[in-house]
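Trainee: Using our numbering, read the sequence shown as starting at 425 and increasing by one per residue. Cβ coordinates follow ideal geometry from the N, Cα and C atoms, glycine included. None of the values given here were measured: they were computed from a predicted structure. First, the structure itself, so that you have it in front of you.
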Amino acid sequence: MVCSKDDPDWDYYQRWLLALEHLVLQSDLISPEELEQRTLKLMEQETETSA
Numbered sequence: 425m426v427c428s429k430d431d432p433d434w435d436y437y438q439r440w441l442l443a444l445e446h447l448v449l450q451s452d453l454i455s456p457e458e459l460e461q462r463t464l465k466l467m468e469q470e471t472e473t474s475a
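So this is what it looks like as C-alpha cells:
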C-alpha cells in the first residue's frame, strides 16, 4: 500500500488509488506481489524521468 490515512498528504486521489488497489486484489486480477513489483517499477521510472 502506497498511502496511509495517518499521512497528512492523504487526499482524494490517494483514496481513489487505494480503493482501486483493493478492488483489483479482491478480484484476483493481480497478486499482491505483482502489484508491489509494478508499483516499484513505476516509482523507479518516475525518479529517472524527474532527474
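For Val448, which residues from the same chain have a beta carbon less than 6 Å from its beta carbon, with the 5 sequence-adjacent residues on both sides left out?
Mentor: The answer, listed in chain order, is Ile454.
Trainee: For Leu453, does the three-state DSSP call read helix, strand or coil?
Mentor: Leu453: coil per DSSP, three-state reduction.
Trainee: Below 8 Å CB to CB, which residues in the same chain sit around Pro456 once its five sequence neighbours on both sides are set aside?
Mentor: Within the same chain, Pro456 has close Cβ partners Leu449.
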